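Engineer: Here's a structure for you.
There are 2 protein chains.
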Amino acid sequence: MKQDLRIIKTQESLRQALLTLLKSKPLESITIAELCRLAKINRGTFYLHYRDVHGVFKHYLEVIVEDLRLSYEEPYYKTNFIIQNIEADMIKIFHHVKKYQDFYQIIFDEKMPMMYYYLLFDTVRSFMKESLDVKYLEAEPDINIDYLISYQTNAILGILIEWHRQGFKTSMDELNEQLIKIVSINSPFTGK
Amino acid sequence: MKQDLRIIKTQESLRQALLTLLKSKPLESITIAELCRLAKINRGTFYLHYRDVHGVFKHYLEVIVEDLRLSYEEPYYKTNFIIQNIEADMIKIFHHVKKYQDFYQIIFDEKMPMMYYYLLFDTVRSFMKESLDVKYLEAEPDINIDYLISYQTNAILGILIEWHRQGFKTSMDELNEQLIKIVSINSPFTGK
DNA sequence: ATTTTTATTAGACAGATGTTCAATAACTTT
DNA sequence: AAAGTTATTGAACATCTGTCTAATAAAAAT
């Protein structure tokens with residue numbers, strides 16, 4: 001059986017209406033009623049598809065995060081110097097956030113629910129898991145991989161938080177330079 | 001002039017009512033109307049003090065975070081091995097989160113706004129700044145301290161996120177052990 | 001103790017929320 | 001093209017939101 005065209009039409013109308021409204025007002029001030037009026041969708045119909053306005057917005061982030069995942073799966077020349085590999089990986093994340101800057105501006109806002117942050121977190125975390133699994137399992141047998149990966153993942157997101165707080169004004173080249181320096185200080189805690 | 005007693009009474013009633021309601025239902029489902037009915041406060045009065053239910057809840061986190069700040073300012077014996085110093089610092093954070101586990105369970109929830117996370121982030125970040133400022137400024141002159149500190153701060157919060165996701169079931173001793181191992185792998189990226 | 005200041009109140013308002021219902025329109029299947 | 005299925009609609013409901021009045025009560029200042 002086919003996917004009902006009415007469902008597709010309804011959801012697309014709502015998404016389009018949200019995009020339009022986002023150009024003139026912040027997400028938090030957009031009501032379900034307003035969205036439905038603009039999309040010419042009955043308000044009762046809205047609840048058959050989404051629970052709240054965030055439900056509609058989340059769809060965009062899923063598309064955006066899927067784009068990040070695809071870019072990450074692009075092969076690149078792996079060197080023997082692992083630090084250069086992670087540079088290539090992280091550059092992709094920075095490039096991605098810059099590309100969708102308008103969305104990440106919203107996502108990192110104080111009023112946004114943690115769910116968006118966690119969606120990004122889980123995506124980056126899966127990259128981290130892929131690239132780090134092997135090395136450490138042998139080096140440190142008693143280490144809990146989950147804590148290690150969450151630690152490393154969130155460290156990278158810490159740079160994105162800082163980037164957001166500075167209004168994304170730091171250039172990507174500068175950002176990469178900083179990342180290389182930060183990770184090359186070995187552990188931030190061993191004190192050199 | 002004195003602080004008006006009526007204001008104190010109103011705000012305390014609302015906070016007490018919130019605590020009571022939190023025992024039986026999640027924060028997101030608590031309405032302003034319900035809170036005011038229980039606190040025996042006119043709904044119009046509510047808006048003279050807070051914008052929404054989060055405004056009332058935020059007061060608790062501020063008290064809790066203040067407790068963290070105080071515990072951090074307790075002096076401890078500083079060794080020459082910096083890794084042992086950070087162990088002592090981080091142990092305090094873990095202990096603090098465990099102490100207020102019920103609140104942090106809420107704060108890390110998907111539906112909670114980022115503001116609570118940022119409040120914790122800024123607090124831990126100020127600790128990081130104090131303990132790291134000196135060492136790195138000389139070692140790496142071109143490094144942007146803001147990015148470095150946000151990176152390190154969020155790495156620690158990554159452990160808390162993982163702890164939360166596992167329902168805080170990991171013991172504090174185990175958590176500390178893991179932290180020591182993670183930071184002793186030098187940089188996660190240098191590949192050993 | 002009296003005056004002055006100000007926080008709280010009740011009531012009302014338009015609009016939003018979340019849910020339910022039977023009727024209808026739009027789509028899929030045969 | 002007709003029959004069967006299901007998404008959408010409009011209407012109604014109680015409740016919540018945010019804001020605003022004028023009246024009142026409670027506090028601070030004199």
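Chain order of the listed sequences is V and D. Here the first sequence is numbered in UniProt numbering, starting from 1 and rising by one per residue. Here the second sequence is numbered in UniProt numbering, starting from 1 and rising by one per residue. In this text, a Cβ means the ideal position worked out from N, Cα and C, and glycines have one as well. Quick caveat: nothing in here was measured; it's all calculated off a predicted structure.
For TYR117 (chain V), tell me which candidate among V:LEU70, V:ILE64, V:GLU130 and V:GLN166 has the shortest Cα-Cα distance.
Structural biologist: Indexing the first sequence from 1 puts residue 117 (chain V) at position 117. The shortest Cα separation from TYR117 (chain V) among V:LEU70, V:ILE64, V:GLU130 and V:GLN166 belongs to V:ILE64.
Engineer: At a Cβ threshold of 9 Å, is GLU177 (chain V) touching chain D?
Structural biologist: Your numbering for residue 177 (chain V) matches position 177 in the first sequence. Chain D contact via Cβ: present.
Engineer: Evaluate ILE156 (chain V) with the Cβ neighbour count: other Cβ atoms within 10 Å of its Cβ, from every protein chain shown; 16 or more gives buried, anything less gives exposed.
Structural biologist: What you label residue 156 (chain V) is simply residue 156 of the first sequence in a count that begins at 1. Per the 10 Å Cβ criterion, buried.
Engineer: State yes or no: is the beta carbon of PHE121 (chain V) nearer than 9 Å to at least one beta carbon in chain D?
Structural biologist: Residue 121 (chain V) sits at position 121 when you count from the first residue of the first sequence. So yes, PHE121 (chain V) belongs to the interface.
Engineer: Give the single residue among D:ARG15, D:ILE145, D:PRO113 and D:ASN176 whose Cα lies nearest to the Cα of ILE143 (chain V).
Structural biologist: Translated into positions along the first sequence, residue 143 (chain V) becomes position 143. Measuring from the Cα of ILE143 (chain V), the nearest candidate turns out to be D:ASN176.
Engineer: Applying a beta-carbon distance threshold of less than 8 Å, which residues of chain V neighbour MET115 (chain D)?
Structural biologist: Translated into positions along the second sequence, residue 115 (chain D) becomes position 115. Within chain V, the residues near MET115 (chain D) are GLU110 and LYS111.
Engineer: What is the rounded straight-line gap between the Cα of TYR147 (chain V) and the Cα of PHE57 (chain V)?
Structural biologist: Locating residue 147 (chain V) in the first sequence gives position 147, where the first residue counts as 1. Locating residue 57 (chain V) in the first sequence gives position 57, where the first residue counts as 1. About 30 Å.
Engineer: Going by alpha carbons, who is nearest to LEU68 (chain V) out of V:LYS92, V:GLY55 and V:HIS59?
Structural biologist: Here residue 68 (chain V) refers to the residue found at position 68 when the first sequence is read from its first residue. Here the closest residue by C-alpha is V:LYS92.
Engineer: In the DSSP assignment, the alpha helix (DSSP H) including MET172 (chain V) goes from what residue to what residue?
Structural biologist: Position 172 of the first sequence, counted from the start, is the residue given in the question as residue 172 (chain V). Note, MET172 (chain V): alpha helix (DSSP H), 172 to 184.
Engineer: Closest by CA to TYR50 (chain D), which one among D:ILE106, D:MET1, D:THR20 and D:GLU12?
Structural biologist: Residue 50 (chain D) sits at position 50 when you count from the first residue of the second sequence. It is D:GLU12.
Engineer: Would you say GLN3 (chain V) lies against chain D (beta-carbon separation less than 9 Å)?
Structural biologist: Position 3 of the first sequence holds residue 3 (chain V). Answer no: the Cβ-Cβ gap between GLN3 (chain V) and chain D never drops below 9 Å.
Engineer: Could you spell out the range, first to last residue, of the alpha helix (DSSP H) harbouring GLN152 (chain V)?
Structural biologist: Position 152 of the first sequence holds residue 152 (chain V). GLN152 (chain V) -> alpha helix (DSSP H) spans 145 to 165.
Engineer: If contact means a Cβ-Cβ distance below 7 Å, which residues of the stretch 150 to 161 of chain V contact chain D?
Structural biologist: So the close ones are SER150, TYR151, GLN152, THR153, ASN154, ALA155, LEU157, GLY158, ILE159 and ILE161.
Engineer: Which one or two residues does DSSP pair with PRO26 (chain V) in a beta bridge?
Structural biologist: For the purposes of this step, residue 26 (chain V) is identified with residue 26 of the first sequence, where counting begins at 1. According to DSSP, which records beta bridges pairwise, PRO26 (chain V) is partnered with nothing at all.
Engineer: Name the two residues that bound the continuous alpha helix (DSSP H) containing TYR60 (chain D).
Structural biologist: Position 60 of the second sequence, counted from the start, is the residue given in the question as residue 60 (chain D). Unbroken alpha helix (DSSP H) run through TYR60 (chain D): 53 to 73.
Engineer: Against chain D, with Cβ distances strictly below 9 Å, would LEU61 (chain V) count as a contact?
Structural biologist: Here residue 61 (chain V) is taken as the residue at index 61 of the first sequence, counted from 1. Judged by the 9 Å Cβ criterion, LEU61 (chain V) is not in contact with chain D.
Engineer: Comparing the C-beta of THR170 (chain D) with each C-beta of chain V, is any distance below 9 Å?
Structural biologist: As a first step, residue 170 (chain D) must be located in the second sequence, where it is residue number 170. Yes, contact with chain V.
Engineer: How far does the alpha helix (DSSP H) with ASP102 (chain D) in it reach, from first residue to last?
Structural biologist: Here the question's residue 102 (chain D) lines up with position 102 in the second sequence. Unbroken alpha helix (DSSP H) run through ASP102 (chain D): 101 to 107.
Engineer: Using a Cβ-Cβ distance under 9 Å, would ILE182 (chain V) count as near chain D?
Structural biologist: Along the first sequence, read from residue 1 onward, the residue named residue 182 (chain V) stands at position 182. For ILE182 (chain V), the answer is yes, since a Cβ of chain D falls inside 9 Å of its Cβ.
Engineer: Can you tell me whether DSSP reads GLN16 (chain D) as helix, strand or coil?
Structural biologist: Within the second sequence, numbered from 1, the residue matching residue 16 (chain D) stands at position 16. In the structure shown, GLN16 (chain D) sits in a helix (DSSP, three-state: H, G or I).
Engineer: Within a Cβ cutoff of 8 Å, which residues of the same chain sit near THR45 (chain D), ignoring the five residues on either side of it in sequence?
Structural biologist: The residue you call residue 45 (chain D) lines up with position 45 of the second sequence. Only THR10 and CYS36 meet the Cβ criterion.
Engineer: Please classify ARG43 (chain V) as buried or exposed, where buried requires at least 16 neighbouring CB atoms within 10 angstroms.
Structural biologist: Reading the first sequence from its first residue, position 43 is the one you call residue 43 (chain V). That one is exposed.
Engineer: Against chain V, with Cβ distances strictly below 9 Å, would TYR118 (chain D) count as a contact?
Structural biologist: Within the second sequence, the letter at position 118 stands for residue 118 (chain D). Judged by the 9 Å Cβ criterion, TYR118 (chain D) is in contact with chain V.
Engineer: Is ARG125 (chain D) buried or exposed, if buried means 16 or more other CB atoms sit within 10 Å of its CB?
Structural biologist: Along the second sequence, one-based indexing puts residue 125 (chain D) at 125. Classification for ARG125 (chain D): buried.
Engineer: Is the separation between the beta-carbon of SER71 (chain D) and that of HIS95 (chain D) shorter than 9 Å?
Structural biologist: Indexing the second sequence from 1 puts residue 71 (chain D) at position 71. Indexing the second sequence from 1 puts residue 95 (chain D) at position 95. For SER71 (chain D) and HIS95 (chain D), yes; Cβs fall inside 9 Å.
Engineer: For ASN144 (chain V), which residues in chain D fall below 7 Å Cβ to Cβ?
Structural biologist: As a first step, residue 144 (chain V) is located in the first sequence; it is residue number 144 there, counting from the start. Residues of chain D passing the Cβ test: GLN178.
Engineer: Looking at chain V, is there any beta carbon in it that lies within less than 9 Å of the beta carbon of ILE185 (chain D)?
Structural biologist: Counting from 1 along the second sequence, the entry for residue 185 (chain D) is found at position 185. By this cut-off, ILE185 (chain D) is an interface position.
Engineer: Can you tell me whether GLY167 (chain V) is buried or exposed, with buried defined as 16 or more other CB within 10 angstroms of its CB?
Structural biologist: On the first sequence, position 167 is the one that residue 167 (chain V) refers to. Exposed, by the Cβ-count rule.
Engineer: Relative to the C-alpha of PRO19 (chain V), which candidate in V:PHE103, V:GLU62, V:GLN3 and V:ILE41 has its C-alpha closest?
Structural biologist: Within the first sequence, residue 19 (chain V) is the residue found at index 19, counting from 1. Note on residue identity: the sequence assigns Leu, not Pro, to residue 19 (chain V). Considering only alpha carbons, the answer is V:PHE103.
Engineer: By Cβ distance below 8 Å, which residues in the same chain neighbour GLU34 (chain V) in space, the five residues on each side in sequence not counted?
Structural biologist: Residue mapping note: residue 34 (chain V) aligns to position 34 of the first sequence, counting from 1. Cβ neighbours of GLU34 (chain V) beyond the five flanking positions: LEU21.
Engineer: How close, in whole Å, do the beta carbons of ILE149 (chain D) and LEU132 (chain D) come, if the pair is a contact with beta carbons under 8 Å?
Structural biologist: Numbered from its first residue, the second sequence carries residue 149 (chain D) at position 149. Numbered from its first residue, the second sequence carries residue 132 (chain D) at position 132. Sure, about 7 Å apart at Cβ, within 8 Å.
Engineer: Using a C-beta cutoff of 9 Å, does GLU174 (chain V) count as contacting chain D?
Structural biologist: Counting from one through the first sequence, the residue named residue 174 (chain V) turns up at place 174. Yes, because at least one Cβ of chain D sits closer than 9 Å to the Cβ of GLU174 (chain V).
Engineer: Using a Cβ-Cβ cutoff of less than 8 Å, which residues in the same chain neighbour GLU62 (chain V) once the five nearest sequence positions on both sides are dropped?
Structural biologist: The residue given as residue 62 (chain V) occupies position 62 in the first sequence. Answer for GLU62 (chain V): LEU119, listed in chain order.
Engineer: State the beta-bridge partners of PRO113 (chain D) as determined by DSSP.
Structural biologist: Within the second sequence, the letter at position 113 stands for residue 113 (chain D). In DSSP, PRO113 (chain D) forms a bridge with V:PRO113.
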